[in-house]
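Each step along the sequence shown adds one to the number in the numbering used here, with nothing skipped, and position 45 is 45. The C-beta atom is built at its ideal place from N, Cα and C for all residues, glycine as well. Below is one structure, written out as structure tokens; comments come after it.
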Amino acid sequence: RVHYLRVEAVVSTQSTGRLRRMDNQDVNCFARHAYAEQESLRLKWYSNISTLEEMLCQHAQVDLNTELTPVPSKFRNILKELFVQQWECERATNRKLPFYNSIKSSFGAERYLNLPLTHQESRRVCQLRSSAHQLNIETGRYRKNRSNPLARMCRYCTTLDDDTLILMSEQPFFEPIIEDELHVLRTCPNYHDLRMGLSDTLKERIFREPAEVFASDTITEASRFLVRVFKRRFPRKYPKTKTSRIQLQAIHHDLQ
């Protein structure tokens, strides 16, 4: 995201400088007439650049009338500051990110992104951190009975009999075992054997401070553990096979 901000800062400063030069051109210039027409139409690109100009003037005290090309570093810092503010606000009010907020304390790129993990390992780590997975804590949000906590419970730790579950849910102080990220990492018996195979350091971090699980010295082991966990939780119903060209031709002839 920081790289995107740098590119946006350079493009924005070039755009604002271009607008200032267009304003100073001769009124009889063809390009000046085209610019004036687009300005009067308030096209989207012009409105966005105007908003950026106002933002720059407000937050960096830059006078665009005298400073034709705003300092890129100022623009970049402003964009980053506003982005971080928006990021903090959205993650604090998003009910889907309690686990993410517990392991992410400040804005910045995570170190594990630069480590030599496989695609599958990076994918599983990212899914768990951002709750972009198919555990019941997430999928239960989109079911018809999403207001019922039973939609998010762990099926490995609770009876599968629906009548029993309904009867239990009507009892006072009933608390279903929710299948969330911490439950999968710490206590779900479905992954007990996988958990026991972890190093003492990683097991201690899982139970003591989950944010430390993603540290550089344990992220590789943790990512492999997550790959095995998700593979067991979501097994393939059909094996992934490759159909040869000869087989495809045979199938085509059979259909004829």
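Same chain only: Cβ atoms within 7 angstroms of E179, ignoring 5 sequence neighbours per side: Sequence-distant partners of E179 (beyond 5 residues in either direction) whose C-beta falls short of 7 angstroms from its own C-beta, in its chain, are L135, N136, I137, R152, M153 and C154.
I177, DSSP secondary structure in three states: In the structure shown, I177 falls within a coil segment according to DSSP collapsed to helix, strand and coil.
Please tell me whether, using a cut-off of 8 angstroms, the distance from the CB of F225 to the nearest non-hydrogen atom of the ligand MG is below it. What this structure holds is no ligand at all, so the ligand MG is not there to describe.
With distances taken Cα to Cα, identify the nearest neighbour of F107 among L115, W87, F99 and S122. Looking at the Cα atoms, W87 is the closest of the given residues.
The alpha helix (DSSP H) spanning I213 covers which residue range? The amino acid occupying residue 213 in the given sequence is Val; Ile does not appear at that position. Per DSSP, V213 is not a residue of any alpha helix (DSSP H), being assigned neither H nor E.
Here's the rule I'm using: 16 or more other beta-carbon atoms within 10 Å means buried, otherwise exposed. How should E204 be labelled? That one is exposed.
Classify R236 as buried or exposed, calling it buried when 16 or more other Cβ atoms lie within 10 Å of its own Cβ. Exposure of R236 is indicated by the presence of fewer than 16 other C-beta atoms within 10 angstroms of its C-beta.
Length of the line joining the Cα atoms of T158 and P176: Roughly 8 angstroms separates the two Cα atoms.
If you pair each beta-carbon of the region 118 to 127 with each one of the region 219 to 235, do three or more pairs fall below 8 angstroms? In the pairwise beta carbon analysis, the region 118 to 127 is classified as touching the region 219 to 235: at least three pairs are separated by under 8 angstroms.
Burial state of T218, where buried means 16 or more other Cβ atoms lie within 10 Å: Under this definition T218 is a buried residue.
Measuring straight from C-alpha to C-alpha, what distance separates L97 and V213? Cα to Cα, L97 sits roughly 17 angstroms from V213.
Which residues does DSSP list as the beta-bridge partners of M153? BP columns for M153 point to I178.
Less than 9 angstroms separating the beta-carbons of E181 and F99? Yes. Within cutoff.
Which residue comes first and which comes last in the alpha helix (DSSP H) that contains E110? Neither: E110 is in no alpha helix (DSSP H) and is coded neither H nor E.
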